[in-house]
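Trainee: Note that the protein sequences, when read in sequence, are chains H and S.
The first sequence: position 210 = 210 (the UniProt record's numbering), numbered continuously.
The second sequence: position 88 = 88 (the UniProt record's numbering), numbered continuously.
Even for Gly, the Cβ is constructed at its ideal location relative to N, Cα and C.
There are 2 protein chains.
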Amino acid sequence: MGKESGGSSPSKPNRRRGKGKPSNRGKELKWIPLGGMGEIGKNISALQYGDEMIVIDCGLKFPEEDMLGIDLLIPDVSFLEQNRGKIRGIFITHGHEDHIGGLPYVLPKLDVPVYATRLTIGLIKNKLAEVCPRYKPVFHEIGAGDTVDLGSFSVRAIAVCHSIPDALAYGIRTPAGVVLHTGDFKLDAQPIDGRTTDYGAFAELGREGVLLMLSDSTNVEREGFTQSERTVGRTFEQLFRLHKDKRIVIATFASNLHRAQQVFNIAMRYNRKVALVGRSMIAYVDLARKLGYVSAPDDLFIPAQEADGMQPNRVVVLTTGSQGEPFSGLVLMSKGEHRQIKLGNRDLVVISATPIPGNEKLVSRTINMLFSCGCEVVYERDQAIHVSGHASREELKMMISLVNPRCFVPVHGEYRHQVRHAQLARDLGVPAKGVFVMSNGDVLSLSQGGKGSVEGRVQAGTIMVDGLAVGEFQGSLLKERRELAQDGILTIAVALGPDGSVRGVDMDSRGFLHRQDAKDLYGELERAVVKALEAPMGDDAMRTAIRKSAREVLSRYTKGYPAIVPLLVRQG
Amino acid sequence: MGKESGGSSPSKPNRRRGKGKPSNRGKELKWIPLGGMGEIGKNISALQYGDEMIVIDCGLKFPEEDMLGIDLLIPDVSFLEQNRGKIRGIFITHGHEDHIGGLPYVLPKLDVPVYATRLTIGLIKNKLAEVCPRYKPVFHEIGAGDTVDLGSFSVRAIAVCHSIPDALAYGIRTPAGVVLHTGDFKLDAQPIDGRTTDYGAFAELGREGVLLMLSDSTNVEREGFTQSERTVGRTFEQLFRLHKDKRIVIATFASNLHRAQQVFNIAMRYNRKVALVGRSMIAYVDLARKLGYVSAPDDLFIPAQEADGMQPNRVVVLTTGSQGEPFSGLVLMSKGEHRQIKLGNRDLVVISATPIPGNEKLVSRTINMLFSCGCEVVYERDQAIHVSGHASREELKMMISLVNPRCFVPVHGEYRHQVRHAQLARDLGVPAKGVFVMSNGDVLSLSQGGKGSVEGRVQAGTIMVDGLAVGEFQGSLLKERRELAQDGILTIAVALGPDGSVRGVDMDSRGFLHRQDAKDLYGELERAVVKALEAPMGDDAMRTAIRKSAREVLSRYTKGYPAIVPLLVRQG
Numbered sequence: 001m002g003k004e005s006g007g008s009s010p011s012k013p014n015r016r017r018g019k020g021k022p023s024n025r026g027k028e029l030k031w032i033p034l035g036g037m038g039e040i041g042k043n044i045s046a047l048q049y050g051d052e053m054i055v056i057d058c059g060l061k062f063p064e065e066d067m068l069g070i071d072l073l074i075p076d077v078s079f080l081e082q083n084r085g086k087i088r089g090i091f092i093t094h095g096h097e098d099h100i101g102g103l104p105y106v107l108p109k110l111d112v113p114v115y116a117t118r119l120t121i122g123l124i125k126n127k128l129a130e131v132c133p134r135y136k137p138v139f140h141e142i143g144a145g146d147t148v149d150l151g152s153f154s155v156r157a158i159a160v161c162h163s164i165p166d167a168l169a170y171g172i173r174t175p176a177g178v179v180l181h182t183g184d185f186k187l188d189a190q191p192i193d194g195r196t197t198d199y200g201a202f203a204e205l206g207r208e209g210v211l212l213m214l215s216d217s218t219n220v221e222r223e224g225f226t227q228s229e230r231t232v233g234r235t236f237e238q239l240f241r242l243h244k245d246k247r248i249v250i251a252t253f254a255s256n257l258h259r260a261q262q263v264f265n266i267a268m269r270y271n272r273k274v275a276l277v278g279r280s281m282i283a284y285v286d287l288a289r290k291l292g293y294v295s296a297p298d299d300l301f302i303p304a305q306e307a308d309g310m311q312p313n314r315v316v317v318l319t320t321g322s323q324g325e326p327f328s329g330l331v332l333m334s335k336g337e338h339r340q341i342k343l344g345n346r347d348l349v350v351i352s353a354t355p356i357p358g359n360e361k362l363v364s365r366t367i368n369m370l371f372s373c374g375c376e377v378v379y380e381r382d383q384a385i386h387v388s389g390h391a392s393r394e395e396l397k398m399m400i401s402l403v404n405p406r407c408f409v410p411v412h413g414e415y416r417h418q419v420r421h422a423q424l425a426r427d428l429g430v431p432a433k434g435v436f437v438m439s440n441g442d443v444l445s446l447s448q449g450g451k452g453s454v455e456g457r458v459q460a461g462t463i464m465v466d467g468l469a470v471g472e473f474q475g476s477l478l479k480e481r482r483e484l485a486q487d488g489i490l491t492i493a494v495a496l497g498p499d500g501s502v503r504g505v506d507m508d509s510r511g512f513l514h515r516q517d518a519k520d521l522y523g524e525l526e527r528a529v530v531k532a533l534e535a536p537m538g539d540d541a542m543r544t545a546i547r548k549s550a551r552e553v554l555s556r557y558t559k560g561y562p563a564i565v566p567l568l569v570r571q572g
Numbered sequence: 001m002g003k004e005s006g007g008s009s010p011s012k013p014n015r016r017r018g019k020g021k022p023s024n025r026g027k028e029l030k031w032i033p034l035g036g037m038g039e040i041g042k043n044i045s046a047l048q049y050g051d052e053m054i055v056i057d058c059g060l061k062f063p064e065e066d067m068l069g070i071d072l073l074i075p076d077v078s079f080l081e082q083n084r085g086k087i088r089g090i091f092i093t094h095g096h097e098d099h100i101g102g103l104p105y106v107l108p109k110l111d112v113p114v115y116a117t118r119l120t121i122g123l124i125k126n127k128l129a130e131v132c133p134r135y136k137p138v139f140h141e142i143g144a145g146d147t148v149d150l151g152s153f154s155v156r157a158i159a160v161c162h163s164i165p166d167a168l169a170y171g172i173r174t175p176a177g178v179v180l181h182t183g184d185f186k187l188d189a190q191p192i193d194g195r196t197t198d199y200g201a202f203a204e205l206g207r208e209g210v211l212l213m214l215s216d217s218t219n220v221e222r223e224g225f226t227q228s229e230r231t232v233g234r235t236f237e238q239l240f241r242l243h244k245d246k247r248i249v250i251a252t253f254a255s256n257l258h259r260a261q262q263v264f265n266i267a268m269r270y271n272r273k274v275a276l277v278g279r280s281m282i283a284y285v286d287l288a289r290k291l292g293y294v295s296a297p298d299d300l301f302i303p304a305q306e307a308d309g310m311q312p313n314r315v316v317v318l319t320t321g322s323q324g325e326p327f328s329g330l331v332l333m334s335k336g337e338h339r340q341i342k343l344g345n346r347d348l349v350v351i352s353a354t355p356i357p358g359n360e361k362l363v364s365r366t367i368n369m370l371f372s373c374g375c376e377v378v379y380e381r382d383q384a385i386h387v388s389g390h391a392s393r394e395e396l397k398m399m400i401s402l403v404n405p406r407c408f409v410p411v412h413g414e415y416r417h418q419v420r421h422a423q424l425a426r427d428l429g430v431p432a433k434g435v436f437v438m439s440n441g442d443v444l445s446l447s448q449g450g451k452g453s454v455e456g457r458v459q460a461g462t463i464m465v466d467g468l469a470v471g472e473f474q475g476s477l478l479k480e481r482r483e484l485a486q487d488g489i490l491t492i493a494v495a496l497g498p499d500g501s502v503r504g505v506d507m508d509s510r511g512f513l514h515r516q517d518a519k520d521l522y523g524e525l526e527r528a529v530v531k532a533l534e535a536p537m538g539d540d541a542m543r544t545a546i547r548k549s550a551r552e553v554l555s556r557y558t559k560g561y562p563a564i565v566p567l568l569v570r571q572g
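Laid out in structure tokens, this is it:
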């Protein structure tokens with residue numbers, strides 16, 4: 001399998017199960033994705049040569065709207081736990097949640113060293129401090145151009161541009177050949193920090209010969225080139241020039257520190273102070289300034305509570321909430337619920353982002369609320385207030401041509417992105433039998449000769465994290481929550497005497513007609529239950545009788561179909 | 001109020017409450033929206049002159065994702081019920097759900113005659129047959145150009161183009177002046193049925209002088225002109241030409257009968273049979289053919305079960321599911337769960353629609369599933385496979401210029417659409433004090449002189465319809481459902497002896513850790529509850545004690561926060 005013909009989609013995980021086990025022909029190179037295939041999120045994969053393994057990234061994913069009460073999703077790494085002894089280290093490409101967010105849950109189990117750039121390490125440390133403050137892993141700071149030799153692997157860190165600073169691709173030399181993982185990238189010719197994607201390094205590897213290329217598929221559906229982050233700065237500049245009288249509120253991703261830097265630069269030129277709003281915005285900027293990724297004088301910043309007191313045209317508010325996140329700075333402001341900042345007709349609000357799929361309604365609601373505050377709002381796609389951090393088709397083509405690999409696997413994409421990126425690679429001359437659309441848990445085996453084949457599967461999947469301890473949470477509970485959410489619940493408790501006779505009944509409902517609103521219904525329910533239990537019977541029979549009789553009564557009163565929970569309380 | 005400065009958003013309904021009551025200066029013209037302000041959905045408004053009233057449209061709206069278990073939303077029409085005697089009739093602009101969907105719930109209460117075009121009446125009858133088959137209202141069929149005189153109102157039906165045939169605007173003469181309601185419209189110069197928007201009628205009213213204009217705001221954010229429905233036909237034609245070998249599956253809105261007609265025409269040209277899939281697709285096409293809105297020979301159609309048996313290039317499947325609706329034809333096919341049609345690499349699937357806000361993820365999932373079936377899929381915005389049924393900015397400008405009203409109210413839009421449409425009207429010379437951004441329930445009073453003012457409010461709002469009888473359902477239950485959905489529920493039933501002493505305890509959980517998975521926790525819960533109830537106390541005190549002691553135990557075992565429901569069962 002592997003070619004999309006036989007490919008399987010995230011929602012058909014079993015389609016290719018049991019088609020052979022991972023083969024074991026000794027010293028063979030294997031690449032094993034445990035997340036990030038057929039999904040944009042929880043990126044993680046392992047590269048194995050003989051008894052040695054390295055892991056690349058360890059991300060999280062945010063739950064679908066029907067995953068009620070779930071906070072986040074992390075990859076199932078039992079395969080890595082089983083091979084703990086083999087793992088030499090985890091290499092992180094950059095500091096976005098979908099690449100580092102799984103670490104606080106996974107790293108303590110594996111306890112292997114982490115290799116990443118300074119900023120990425122700083123962000124990982126912040127996350128660990130939140131979730132498992134006591135755990136202190138070993139970090140090795142690396143920078144673009146560095147090479148790390150770990151047993152059979154020689155890992156070269158390569159600079160790439162992305163929507164967060166200090167992002168890396170990895171060129172990994174192994175005895176079987178070179179593996180290139182692009183990480184998330186774009187080819188921004190004039191990045192804000194001057195750190196361009198290192199074409200040279202990619203070309204060099206290309207000349208040397210790359211056995212396997214793993215490339216970012218996020219924007220394969222977008223024609224042309226992704227615009228430079230600089231274009232956003234130009235738009236901001238115009239807005240500052242046009243709205244000299246107004247206070248300017250800019251909402252964007254806290255992790256997009258290049259954009260923050262541009263806001264700071266422009267603010268200084270226009271003699272405005274900057275108020276940072278939103279926990280993560282403050283945290284990212286603090287860290288980035290401490291580590292030297294963002295340069296701005298201390299006196300540029302004012303505390304949020306001072307912003308309302310100042311002349312509108314002397315202030316810029318930089319806030320979170322560009323995705324309409326319920327408790328983010330911008331959303332609280334839009335509802336008039338923000339403690340420090342009240343919006344009004346003196347404000348120009350710029351939403352410097354496009355909605356991530358699934359957030360469209362949240363963003364749309366926020367925009368409506370902002371208008372209702374009397375603000376002017378800039379939010380349209382066509383106004384160049386946001387650019388993506390991912391390469392578009394022309395850039396993806398360029399990268400494939402530079403690297404010219406023997407085998408190609410589209411990563412970091414939903415199924416349709418994988419399929420179209422695979423097609424792109426074939427169009428550019430990568431041999432069809434070397435192009436693989438993979439699913440999480442597939443094992444890609446590569447021979448020295450450059451032949452690749454997906455030969456088996458290892459355990460892979462999603463672990464839901466909610467209030468309960470990680471892992472404890474089962475899907476069955478989700479199903480119950482969905483039922484409760486649909487129709488509510490009706491609990492019927494029956495007290496039984498030692499002889500098993502009914503001594504009393506009490507009922508309660510949640511999310512379903514309450515007793516005080518439907519006295520007749522509840523009266524009849526009680527009578528029906530008592531009647532149903534007249535004859536002596538076992539506990540299970542009783543529960544069934546209670547459900548059956550109650551359902552029968554309900555059906556006559558309403559179309560509602562609540563979960564019915566019978567409780568039998570025996571005399572102790 | 002009314003100008004957006006003082007405007008209120010859907011989520012701030014109370015903001016202007018109590019600013020004066022509806023004034024009662026005898027024979028005054030009033031326009032009162034009860035739905036469709038600050039929302040795209042459940043359109044309904046009333047026009048009142050003295051003791052006479054007419055109603056325009058009566059739509060429904062689909063629930064937000066957090067309205068758990070709710071099927072649909074309808075407008076609160078208590079104001080109309082109170083004024084039942086005054087209502088001369090309901091005029092419907094066209095047959096879309098957001099304009100007729102409320103009728104089965106509202107019409108029986110008002111029991112007034114309905115005026116609409118033939119197709120619209122047919123669609124209304126189908127809806128009534130589903131919900132209240134016994135109720136038979138009085139229908140008056142009207143057509144474009146007809147004028148209906150009802151007391152002080154003389155209502156002229158005006159042809160407009162939209163994404164469903166036989167749509168109308170209404171020009172309503174009253175003693176106080178002319179009111180123009182555009183309905184949903186676009187200015188398609190070459191509509192499929194040749195029935196163009198009747199510019200002449202609008203111009204004529206404009207010359208005569210229009211007191212109040214109510215205009216469709218849906219696409220006010222879109223620059224330029226909305227493309228003709230014909231462009232979609234051209235794209236289809238190309239796809240048929242390019243994919244002579246494939247079976248073609250087209251998913252679109254069942255109500256877009258012009259599109260269906262184009263599919264039928266092209267299918268005939270390319271000698272393909274048509275299989276209709278999806279309950280509503282079949283119902284709409286049947287009705288439209290019966291009433292003569294769609295022309296296609298009987299032998300063009302084949303039953304869905306024959307489609308898989310035929311040569312792929314001899315078949316077109318026209319199906320529902322363009323919005324990824326869970327049980328629609330396309331989604332069942334994409335999951336391989338459709339009884340009659342199996343998709344594969346011989347299929348070209350065209351999704352002839354753009355996702356309605358909120359449906360993006362459903363559509364995206366469907367596309368991934370289709371790719372995983374091996375289909376070729378055409379879905380991109382830039383491929384001219386769909387056009388909107390609503391006028392874009394240039395068309396809206398043209399309409400305002402034609403009509404040149406004294407007062408203007410943007411209708412059929414979210415708050416930001418209203419604000420921007422209002423701005424557009426002012427830019428085109430409508431006096432600022434005559435432009436109103438209204439909320440549902442606002443009362444706009446108009447004097448002969450052409451002065452307008454929003455002077456009060458009547459009751460308006462949303463009624464949730466779920467399995468329970470309409471109206472019965474309270475928001476408080478929704479809140480409970482959300483809590484249940486978040487953390488699940490833990491029920492603790494205690495049997496009490498006549499002396500109030502605890503005789504037994506039983507517990508059950510849904511959507512939260514089950515007993516068999518957490519024996520210690522449940523054991524400790526039971527002990528804690530028994531202990532908490534040792535001292536004699538009243539029922540409320542007992543319930544509190546149970547909650548308190550259980551919460552305390554839970555907090556030590558998990559971060560989960562289920563609803564805790566204590567039940568006290570007394571000996572009868």
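Please identify the residue among Arg247(H), Lys548(H) and Val263(H) whose C-alpha is closest to the C-alpha of Phe253(H).
Mentor: Taking only the C-alpha atoms, the option nearest Phe253(H) is Val263(H).
Trainee: Suppose the cutoff is 6 angstroms on Cβ atoms and the five residues either side in sequence are ignored; what does the same chain contact list for Tyr49(H) look like?
Mentor: Taken in chain order, the residues that qualify are Leu29, Ser152 and Thr174.
Trainee: What residues in the stretch 400–415 of chain S have a beta carbon less than 8 angstroms from any beta carbon of chain H?
Mentor: Going along the stretch 400–415 of chain S in chain order, one finds Glu414 and Tyr415 with a Cβ nearer than 8 angstroms to chain H.
Trainee: Can you tell me whether DSSP reads Lys30(S) as helix, strand or coil?
Mentor: Strand at Lys30(S).
Trainee: Kindly confirm or deny that the stretch 363–372 of chain H and the stretch 133–152 of chain H touch, where touching means at least three C-beta pairs closer than 8 angstroms.
Mentor: The stretch 363–372 of chain H vs the stretch 133–152 of chain H: no contact.
Trainee: Less than 8 angstroms between the C-beta atoms of Ala550(S) and Ala528(S), yes or no?
Mentor: Taking 8 angstroms as the Cβ cut-off, Ala550(S) and Ala528(S) qualify as a contacting pair.
Trainee: Give the single residue among Pro104(H), Asp442(H), Val148(H) and Tyr115(H) whose Cα lies nearest to the Cα of Val131(H).
Mentor: Measuring from the Cα of Val131(H), the nearest candidate turns out to be Pro104(H).
Trainee: With a 10 Å radius around its C-beta and 16 neighbouring C-beta atoms as the bar for buried, classify Gly59(S) as buried or exposed.
Mentor: When all chains shown are included, Gly59(S) counts as buried.
Trainee: Check for me: the alpha helix (DSSP H) holding Lys109(H) runs from which residue to which?
Mentor: Start and end: Leu103 to Leu110.
Trainee: Taking the DSSP output, what are the residues bridged to His181(H)?
Mentor: Paired residue(s): Tyr170(H) and Leu214(H).
Trainee: If we define contact as Cβ-Cβ less than 8 angstroms, is Leu490(S) a contact residue for chain H?
Mentor: No, no contact with chain H.
Trainee: If you compare alpha carbons, which of Lys342(H), Gln486(H) and Lys86(H) is closest to Glu65(S)?
Mentor: Cα-wise, what sits closest to Glu65(S) is Gln486(H).
Trainee: List, in order along the chain, the chain H residues whose C-beta lies closer than 7 angstroms to that of Gly347(S)?
Mentor: Inspection of the sequence shows that residue 347(S) is occupied by Asp rather than by Gly. Simply none; closest approach about 14 angstroms.
Trainee: Report buried or exposed for Arg440(H), applying the criterion of at least 16 other Cβ atoms within 10 angstroms of its Cβ.
Mentor: First, the residue type needs correcting, since residue 440(H) is Asn and not Arg in the sequence shown. Its Cβ being crowded by 16 or more others within 10 Å, Asn440(H) is buried.
Trainee: If you follow the beta strand (DSSP E) that Lys273(S) is part of, which residue opens it and which one closes it?
Mentor: Element bounds for Lys273(S): Lys273 to Val277.
Trainee: Starting from Ser352(S), find everything on chain H with Cβ-Cβ shorter than 8 angstroms and list it in chain order.
Mentor: Residues of chain H passing the Cβ test: none, with the nearest at roughly 18 angstroms.
Trainee: Using the three-state DSSP reduction, which class does Ile70(H) fall into: helix, strand or coil?
Mentor: Three-state result, Ile70(H): coil.
Trainee: Provide the residue(s) that pair with Gln48(H) in DSSP beta bridges, ordered along the chain.
Mentor: DSSP, once it has assigned bridges, lists Lys30(H) and Met53(H) as partnering Gln48(H).
Trainee: Mapping DSSP to helix, strand and coil, what is Glu337(S)?
Mentor: Here Glu337(S) sits in coil by DSSP.
Trainee: Please report how far the alpha carbon of Asp520(S) lies from the alpha carbon of Leu110(H), in whole angstroms.
Mentor: In a straight line, the C-alpha of Asp520(S) is about 29 angstroms away from that of Leu110(H).
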